[in-house]
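The listed protein sequences correspond, in order, to chains A and B.
For the record, in the first sequence the residue sitting at position 16 is 16 according to this note's numbering, with numbers rising by one throughout.
For the record, in the second sequence the residue sitting at position 148 is 347 according to this note's numbering, with numbers rising by one throughout.
I have placed the structure first, in the form of structure tokens, so that the comments after it can refer back to it.
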Amino acid sequence: MNNTKDIFTAGLWEDNPVFRQMLGLCITLAITNKVANGLTMGVAVFFVLTASSFIVSLLGDSVPRRVRIPVFMLVIATFVTLVYMFLRAFFMPLSQALGAYVGLIITNCVILGRLESFSSENTPWDSVVDAAGVASGFGLALIAMSVVRELLGFGSLFGVQVLGSGWTPWVSMILAPGGFLVLGLLIWVQRAISPVEEG
Amino acid sequence: MKKEIWMVVILVLVATVSSGVLGFVNVTTRPIIKRNEVRKLRESVLESVNVQFEADNLVNKFESEFRAEELGGKDIYFRYDDEGNLTGVTFEISGSGFQGPITAIISLKPDLETIVGLEILDHQETPGLGARITDEDFLRQFNGKIVRPEILVVTDAGDEENKVDAITGATRTSKAIQGIINDTLSEVQTNILTDKVMERFSHE
Numbered sequence: 001m002n003n004t005k006d007i008f009t010a011g012l013w014e015d016n017p018v019f020r021q022m023l024g025l026c027i028t029l030a031i032t033n034k035v036a037n038g039l040t041m042g043v044a045v046f047f048v049l050t051a052s053s054f055i056v057s058l059l060g061d062s063v064p065r066r067v068r069i070p071v072f073m074l075v076i077a078t079f080v081t082l083v084y085m086f087l088r089a090f091f092m093p094l095s096q097a098l099g100a101y102v103g104l105i106i107t108n109c110v111i112l113g114r115l116e117s118f119s120s121e122n123t124p125w126d127s128v129v130d131a132a133g134v135a136s137g138f139g140l141a142l143i144a145m146s147v148v149r150e151l152l153g154f155g156s157l158f159g160v161q162v163l164g165s166g167w168t169p170w171v172s173m174i175l176a177p178g179g180f181l182v183l184g185l186l187i188w189v190q191r192a193i194s195p196v197e198e199g
Numbered sequence: 200m201k202k203e204i205w206m207v208v209i210l211v212l213v214a215t216v217s218s219g220v221l222g223f224v225n226v227t228t229r230p231i232i233k234r235n236e237v238r239k240l241r242e243s244v245l246e247s248v249n250v251q252f253e254a255d256n257l258v259n260k261f262e263s264e265f266r267a268e269e270l271g272g273k274d275i276y277f278r279y280d281d282e283g284n285l286t287g288v289t290f291e292i293s294g295s296g297f298q299g300p301i302t303a304i305i306s307l308k309p310d311l312e313t314i315v316g317l318e319i320l321d322h323q324e325t326p327g328l329g330a331r332i333t334d335e336d337f338l339r340q341f342n343g344k345i346v347r348p349e350i351l352v353v354t355d356a357g358d359e360e361n362k363v364d365a366i367t368g369a370t371r372t373s374k375a376i377q378g379i380i381n382d383t384l385s386e387v388q389t390n391i392l393t394d395k396v397m398e399r400f401s402h403e
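See below:
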């Protein structure tokens, strides 16, 4: 059981995909200027990553190494397309808010990275736990970024105005420079809390 | 040799299962997605002329408020007052945005110059930036604006009757909306809603 907890918290915090591994930064920078977008993307990635991890760990050794990348991409693409159709059928407004970015989950290197380095070599249970941990870590990073950026850039959270009319929105926060700035600051904070062990 | 055959087998297997699952889900969700799109179109058309409606009387409300005609391959929705005088026309406009196609609904007064309302149907713009074209604050600006000689989406619009404020950080998307409105309007005026056609539909 201890092992399970370790696998989960590693993905969530010590090996956080965004703050430590610097993966999936394109999506992280692009969609984190509103909390609702960050949260939806987090949930979608969570589903795609855990489901693909489970399937890939079941396939395990039966996939020859030379065709593993095409197989992984097929599995990921299948789940992403499922999410896309599901959102359009049952959550139309969310699907419109995320637009093209749902399709881009396919190219999220956090997912391919986990399948390649963990799920293909571990048991289904460990793989699902690892995927859940990493996806939660990714979601955590998206939400942390978007809370800061939406608050400073729009003065709101989840679209609800929280800072009074006296607040002048920092326009640069919702643009690309704000994304880089907040990402850098959060990486600093995360590393200050749990320093990188040089080895 | 055995290895190569196994590679092909596993790829074919995974691809087959994948397409089977996707095909099944596509067939089951397609009618729902289609229904969503029709509902979204009707909602947008009603919202563009600021008519209140409930989810359960959407179809009735839509059919009582509008007379739909297909002219030149385009659905045009005419609206009449109680005396049967034409009060407005509504139709779909579309064009390229920054990332992909944008489709919207525009309602105009019978002069085909004064905007009554604008609603976005579908777009692929960047969430949080260009995607803010769907925000009420942006869209409401268009109400009452006059497309003469053309609508301009600019940084500081002031009170001018053919200018609206662009979205900060989404200049390309804002310009795209400007282009879509101006281009589609002039095209519809010259090819579909000509003076003759407008005369024909001016009374119910």
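Positions of the beta carbon are idealized from the N, C-alpha and C atoms, including for glycine.
- Shown here for Gln298 (chain B): same chain residues with a beta carbon closer than 6 Å to its own, the five before and five after excluded, namely Gln323, Glu324 in chain order.
- Annotation: Tyr84 (chain A) is outside any beta strand (DSSP E); the continuous alpha helix (DSSP H) that includes it extends over 68–90.
- Ala77, Thr78, Thr81, Leu82, Met85, Phe86, Arg88, Ala89, Phe90, Met92: these are the residues of the stretch 76–95 of chain A whose beta carbon lies less than 8 Å from some beta carbon of chain B, given in chain order.
- Boundaries of the alpha helix (DSSP H) around Pro177 (chain A): 176–193.
- Here the C-alpha atom of Phe158 (chain A) lies approximately 21 Å from the C-alpha atom of Ala135 (chain A).
- Pairing Gln388 (chain B) with Asp310 (chain B), the inter-Cα distance amounts to about 10 Å.
- Residues of chain A with a Cβ closer than 8 Å to the Cβ of Met206 (chain B) are, in chain order, Pro64, Arg66, Val67.
- Taking a 10 Å sphere around the C-beta of Pro93 (chain A), we find fewer than 16 other C-beta atoms and assign the residue as exposed.
- The beta carbons of Ile301 (chain B) and Thr289 (chain B) sit no closer together than 8 Å.
- By the CB criterion at 8 Å, Ser165 (chain A) and Ser119 (chain A) fall outside the cutoff.
- Counting along the chain, the unbroken alpha helix (DSSP H) around Ser217 (chain B) starts and ends at 201–247.
- Closer than 7 Å at the C-beta level to chain A, one finds these residues of the stretch 344–376 of chain B: Thr367, Gly368.
- Residue-level contact check: Pro177 (chain A) does not touch chain B, since none of the beta carbons of chain B fall below 8 Å from its beta carbon.
- Cβ-Cβ distances below 6 Å link Ser172 (chain A) to Gly178 in the same chain, with the five nearest sequence neighbours on each side left out; the list follows chain order.
- Sorting B:Asp394, B:Thr333, B:Glu291 by C-alpha distance to the C-alpha of Val244 (chain B) places B:Glu291 at the top.
- For Asn108 (chain A), the closest Cβ of chain B is not nearer than 8 Å.
- A straight line joining the alpha-carbon of Ser95 (chain A) with that of Lys201 (chain B) spans about 45 Å.
- In the three-state DSSP reduction, Ser62 (chain A) falls in the helix class (H, G or I).
- Bounds of any alpha helix (DSSP H) do not take in Ser293 (chain B); it lies within the beta strand (DSSP E) bounded by 285–295.
- One Cα belongs to Ile332 (chain B), the other to Arg65 (chain A), and the distance between them is close to 46 Å.
- With a cutoff of 8 Å on beta-carbon distance, Met41 (chain A) and Tyr101 (chain A) are scored as near each other.
- Under the three-state reduction of DSSP, Ser165 (chain A) is assigned to coil, being neither helix nor strand.
- DSSP places Gly137 (chain A) in no beta strand (DSSP E) but in the uninterrupted alpha helix (DSSP H) bounded by 124–154.
- Between the stretch 124–132 of chain A and the stretch 71–85 of chain A there are fewer than three C-beta pairs closer than 8 Å, too few to call the two in contact.
- Residue pairing of Thr302 (chain B) in beta bridges, as defined by DSSP: B:Ser293, B:Asp321.
- Among the residues of chain A, those whose CB is under 8 Å from the CB of Ile231 (chain B) are Ala89, Phe90, following chain order.
- It is roughly 12 Å from the alpha-carbon of Asp61 (chain A) to the alpha-carbon of Ile55 (chain A).
- Among the bridge pairs identified by DSSP, Thr313 (chain B) is matched with B:Ile345.
- The C-beta of Ile27 (chain A) comes no closer than 8 Å to any C-beta of chain B.
- Rounded to whole angstroms, the Cβ separation of Trp167 (chain A) and Gly155 (chain A) is 5 Å, and the two are in contact under 8 Å.
- Residue pairing from DSSP places Ile275 (chain B) in a beta bridge opposite B:Glu268, B:Phe290.
- Taken through DSSP and simplified to helix, strand or coil, Asp382 (chain B) comes out as helix.
- Judged by their CB atoms, Ser306 (chain B) and Gly287 (chain B) are nearer to each other than the 8 Å cut-off.
- By the Cβ neighbour-count rule, Pro230 (chain B) is exposed, with fewer than 16 other Cβ atoms within 10 Å of its own.
- The distance from the Cβ of Leu25 (chain A) to that of Val18 (chain A) is about 7 Å, consistent with a contact at the 8 Å cut-off.
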